[in-house]
Structure formats: structure tokens, C-alpha cells
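In the numbering used here, the protein residues as written are 114 to 224.
All C-beta atoms, glycine included, are put in the ideal place defined by N, C-alpha and C.
The structure displayed is predicted, hence computed values, not measured ones.
The structure appears below as C-alpha cells.
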Amino acid sequence: TMGYGLPAALGVQIAHPDALVIDIAGDASVQMTMQEMSAAVQHDAPIKIFILNNQYMGMVRQWQQLLHGNRLSHSYTEAMPDFVKLAEAYGGHGIRCEKPDELDDAIKEMI
């Protein structure tokens, strides 16, 4: 469900403070509840947010393709946030991967 991952991860992290908690979500899902990053920092909840940024609402597009004859809504790619800067704005730390070969090192740093 879009938007569920980040607040759910925060709740799990608070309930299990010593656990490694990772939210794997799309960019649109994170944008629905990104203000929870503030709560995570306020409560010293070290959740990890792994954003798969395809720059459009993939779930919305999927249903448009399947049920609406591929009639697509306009994408919002021209107004996408910089998620690294967003994490920093909330007092967190962000890592960006542009290429698949950067992923292993970024995951090690994240964990």
C-alpha cells in the first residue's frame, strides 16, 4: 500500500530499538508520508529508507495500463525532490546510487 512503509518502519523501529529496520519503497510512496522522517530523527529511530526512484507513481501507472487502455496521467517528474537533501533537511543522512555497481557499497554504508 502506497505510503504505508515509512510510518510502519518507524513504529517497528520504536517497538524494537535494536533491530535493523529497512523500508523499501517507491519515490511516490515515500512522498506520501515523508514528514515521518522528522519523527524518526526526533525519536532517534535509525530506520533505513531504500527508495526505488522511477520518477512517477508506478502503482498508478500500472492500473492505468491495465484498466484504462494505457491512457496515462501526466507524470510529475519536473517537480521531484532531491531525496538526499530531503533526508539531510530532516537531520538524517542520504546516499544516492546512480549505477548498479554503486549499490553494494551504498548498502554497506546504509547498514
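Per DSSP, Ala122 is not a residue of any beta strand (DSSP E); the alpha helix (DSSP H) it occupies stretches across Gly118 to Ala128. Taking all protein chains in view, the Cβ of Ala141 is crowded by 16 or more other Cβ atoms within 10 Å, so the residue is classified as buried. Within the same chain, and ignoring the five residues on either side of His206 in sequence, the residues whose Cβ sits closer than 8 Å to its Cβ are Ala200. Shown here for Arg209: same chain residues with a beta carbon closer than 6 Å to its own, the five before and five after excluded, namely Val197 in chain order.
Shown here, Asp136 sits in a strand according to DSSP, grouped into three states.
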